[in-house]
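Residue numbers (the numbering used here): 56 to 283.
A virtual CB, placed ideally from N, CA and C, is assigned to each residue, including glycine.
Computed from a predicted structure; not experimentally measured.
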């Protein structure tokens with residue numbers, strides 16, 4: 056079972072309240088096997104009253120465009136990978152959860168009709184366009200993503216960053232306001248890696264702040280105790 060660590064002191068209360076967790080699953084990340092997703096679901100069911108999986112499938116096309124794919128091919132590849140990722144989540148949930156798996160997945164199709172998400176997405180783009188410091192922080196976080204996809208020794212250009220940042224902006228509503236999207240009073244977003252932007256976000260160092268009741272936890276794999 057994973058062990059959740061609050062990203063900042065601000066995040067400890069939403070974790071302790073244990074109302075809801077949103078589990079991020081990256082479409083092109085081999086970390087997320089069916090077995091690992093099932094383990095995440097078991098943990099969520101045992102530790103929280105409700106949970107969802109978030110899959111940024113459609114927006115991953117923006118990352119592919121930044122890497123040189125034309126928009127049509129990027130959208131097709133993103134859709135294929137999104138389908139593959141959703142199928143893994145469905146298979147994992149069918150092992151451990153009696154609910155309809157599709158109701159527990161927040162992907163592009165689900166979110167494009169969600170007014171809370173769309174409102175937060177609009178605010179993310181507005182802040183990016185009008186707040187230079189916020190925009191630079193977003194571009195920096197995007198560079199962290201692109202660096203992992205480029206050949207060793209290469210770094211993203213400014214044009215690549217501005218293309219790929221649309222992926223990060225599409226994720227931001229979930230980091231800032233899963234509480235609004237899921238319709239709950241408190242929630243934590245859970246992922247297995249730390250991101251500097253999010254630490255600054257949750258420490259209140261950026262112009263945009265998480266909604267009340269919103270937290271973030273970093274998931275570490277608990278080491279089984281040795282039996283003597």
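Please report the Cβ distance between residue i and residue j, rounded to the nearest whole angstrom; I am assuming they are in contact, meaning their Cβ atoms lie under 8 Å.
i	j	result
residue 56	residue 112	26 Å between Cβ atoms; not a contact.
residue 270	residue 69	3 Å
residue 62	residue 253	6 Å
Output the distance between the C-alpha atoms of residue i and residue j, rounded to the nearest integer angstrom.
i	j	result
residue 91	residue 143	10 Å
residue 209	residue 122	12 Å
residue 279	residue 98	Note that residue 279 scores 47 on pLDDT, short of 50, meaning its location in the model is unreliable; the coordinates nonetheless yield the value given after this. Cα to Cα, residue 279 sits roughly 15 Å from residue 98.
residue 211	residue 205	8 Å
residue 185	residue 193	13 Å
residue 163	residue 116	12 Å
residue 105	residue 201	32 Å
Helix or strand or just coil, what does DSSP make of residue i?
i	result
residue 168	coil
residue 181	helix
residue 78	strand
residue 241	coil
residue 95	helix
residue 282	Low confidence applies to residue 282: its pLDDT is 39, below 50, so where it sits in the model is not reliable enough to give any reading.
residue 275	strand
residue 57	strand
residue 269	strand
Which residue's Cα is closest to the Cα of residue i: the options?
i	options	result
residue 148	198, 108, 173, 179	108
residue 118	274, 133, 250, 106	133
residue 215	167, 246, 150, 124	124
residue 183	171, 80, 197	197
residue 66	243, 170, 249, 248	243
residue 103	246, 241, 248	241
residue 151	260, 74, 100, 256	100
residue 146	96, 225, 245, 166	96
residue 178	274, 245, 255, 226	226
Subject >> Contact between the segment 228-235 and the segment 261-271 (3+ Cβ pairs under 8 Å) >> reply: Short answer: they touch.
Original post:
Pairing CB atoms from the segment 140-158 with CB atoms from the segment 215-229, are three or more of them under 8 Å?
Top reply: no
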